[in-house]
Structure formats: C-alpha cells, structure tokens
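Notes for the one structure printed next.
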Amino acid sequence: MRQLYCFLLLCVCLNLSYSQVCVPDSIYRDSSAGVYPKPITPDRPNGGITKKACINRPYDFTMTVIIPDTLTVPGIPFLVNLEYAKINPTGAISNLPEGIGYECNPPDCKFLKKTQGCIILKGTPTSANTPKDYKPIIMLTMGTSFGPIDISYPGPQFPGEYILTLLDESCNVASKDVYLKNNAWYPNPCDGFLFNPSNHVEDVKLINSQGQLVQFEQQINGAFEFDSELPNGVYLLMWRDGELKLSQRIMLMR
C-alpha cells in the first residue's frame, strides 16, 4: 500500500511539474489561431518578442498558442478544418542564440483543436554568441482535413518577423552611455525617410540585424535617408544628441 501511495504521489508531482513549464496568457483567450504575441509587421511595430536577453544571464519568454477548429490560410479561399498544430519537441525553432531552447505545454508540443497552450523560450545565452538581433522561426505542422501542412511561422503564409535582441553581458545595447529613445525618429515604420525634430543630431549610425554598421552620417539636418540598396527589415539607429548617445529600433518597409 505504501508503495502504491508513493507511486501515485510521484505521478501527481510529475503532472504538476509539466503544468508549470509555462502558462498560456489569458489575454489571448478569444483570439484567432496563431502564436502570440504575433510577429512584428508594419501594422504591429511593437509586437513580437518584447523581452531582451543578455549573455550569461538566465532568460525566459512565454508565447501563447491558440488552436481553434478552423483556420484561415492566406491564399486559400475557404476555411480549413483543423485538428491540431504541433512542433517537434526539439529543433523546431531556428535562429535562437546558443544556450536558449524551448519547452511546451503540453510537453509533447502537440496542441489539439479548441485548446490553448504555450511555448517558453528559456535558457542562458552563452558567451559564444554575438550581441545582435536574432530572428527565430517556428516550424509548425498543421493537422487538417486535407492532411498535414507544414508552415513556417512567421513565413510566406504568415508574414512578419520575430526578433530576439541579445545584449552583451552588461545588458547594454552598445555602451553604458547609450539610451533607448522610442519616438525620436518618425514615421516608424518608414519607407526610407526619417525625421527628427532635434537640431543637435550627429554621428548617425545604422546597424542591421546582424550587428553590422551599414550606414553612417556624421551630420544631418533633421532628416535621414536610408541607402537605396538596403533591404526591408528592422534596423537599430544610433546617434548623438548633445551629450547623449541614443538608439531607436526602426522598421524599413519600402
């Protein structure tokens, strides 16, 4: 009897440990199918992975998965009956910093229709990483009445970008005297032209998602123009305004 009791207690503890991997965010309870927060797009410049990671510091970020019984797929003119969505428990999310992995609730990463689940990005980024913007992509398999459909999220059917910003070990963007300023440059997203109301802007640096300096302007007169050869995407704009060093994330959408 004691052995049976211990076995049952162990099962309960294991179930509790699984349920505590992550918890779906109730704010998305009535949302359409998808992974939330949804990727960054021109209509959602503040979406995506909103928590930054730092080298050699523990990190976690929970994404909520909503699975209804029908799905609207861009390019298909009717609703698709949905049975489940799943990802492989390992290797299904690419472009993560080394040291960060993921776990699911449910543990097998198979989300049945009319349910909510979650994926948690977690781990400690190692010093082998370069501080920059990483762009995770989730490989999903959708179980439909037509058979399984493999989808990249984000991808052609669901455009946008997830951006996980990895900072250095001190959790700085570039140096200790660089501060983030959200609305200095406008419009954002932009079509290649940006404006800043300050009269003291100089040393403007444009950094791409790989951490590379792609454009530099020593002095400007209230406006900044992206080089015509630069592709669409998210960039980090860094500049000096008087004694301050500032930075702002900008989305280019021509």
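In terms of mature numbering (1 follows the signal peptide of the UniProt record, and there is no 0), the sequence shown is residues -21 to -1, 1 to 233.
Backbone N, C-alpha and C fix where the C-beta goes; we use that ideal spot for every residue, glycine too.
Cα-Cα separation between residue i and residue j, rounded to whole angstroms
i, j, result
"residue 32", "residue 190", "15 Å"
"residue 45", "residue 201", "44 Å"
"residue 63", "residue 114", "25 Å"
"residue 126", "residue 66", "16 Å"
"residue 135", "residue 188", "20 Å"
"residue 4", "residue 199", "44 Å"
"residue 41", "residue 71", "16 Å"
"residue 92", "residue 13", "12 Å"
"residue 224", "residue 179", "12 Å"
"residue 233", "residue 204", "12 Å"
"residue 97", "residue 68", "12 Å"
"residue 128", "residue 120", "6 Å"
"residue 130", "residue 94", "19 Å"
"residue 149", "residue 110", "11 Å"
"residue 208", "residue 192", "14 Å"
"residue 122", "residue 26", "27 Å"
"residue 155", "residue 210", "Residue confidence is low: residue 155 scores 40 on pLDDT, short of 50, so the model does not pin down where it sits. No coordinate-derived value is stated."
"residue 36", "residue 54", "42 Å"
"residue 206", "residue 52", "35 Å"
"residue 147", "residue 75", "15 Å"
Residues of its chain near residue i, where Cβ-Cβ distance is below 7 Å and the 5 sequence neighbours each way are ignored
i, result
"residue 182", "197, 218 and 219"
"residue 49", "58, 59, 60 and 61"
"residue 228", "213 and 215"
"residue 85", "96"
Cutoff 9 Å: residue i Cβ touching any chain C Cβ
i, result
"residue 225", "Judged by its chain identifiers, the structure shown contains no chain C, having just a single protein chain."
In DSSP terms, what residue i is bridged to
i, result
"residue 129", "120"
"residue 190", "Paired residue(s): none; residue 190 is not in a bridge."
"residue 300", "With the chain covering -21 to 233 only, the question about residue 300 has no answer from this structure."
"residue 182", "Beta-bridge pairing links residue 182 to no other residue."
"residue 101", "39 and 80"
"residue 94", "46"
"residue 198", "181"
"residue 89", "65"
"residue 31", "Paired residues: none, contrary to the question."
"residue 137", "DSSP output for residue 137 lists no bridge partner at all."
9 Å Cβ cutoff met for residue i and residue j
i, j, result
"residue 19", "residue 214", "no"
"residue 195", "residue 184", "yes"
"residue 104", "residue 7", "no"
"residue 34", "residue 16", "no"
"residue 176", "residue 24", "no"
"residue 11", "residue 47", "yes"
"residue 102", "residue 116", "no"
Cutoff 6 Å; reference residue i; Cβ partners in own chain excluding five residues on either side
i, result
"residue 144", "31 and 112"
"residue 107", "77"
"residue 82", "-1 and 99"
"residue 43", "3, 4, 7, 15 and 97"
"residue 124", "60"
Same chain, Cβ closer than 8 Å to residue i, five either side skipped, listed in chain order
i, result
"residue 234", "The question about residue 234 has no answer here: the residues shown for the chain are numbered -21 through 233."
"residue 221", "179"
beta-carbon residue i near the ligand ZN non-hydrogen atom, thresh 8 Å
i, result
"residue 20", "Absence of the ligand ZN from the depicted structure is noted, as is the absence of any ligand whatsoever, leaving it without description."
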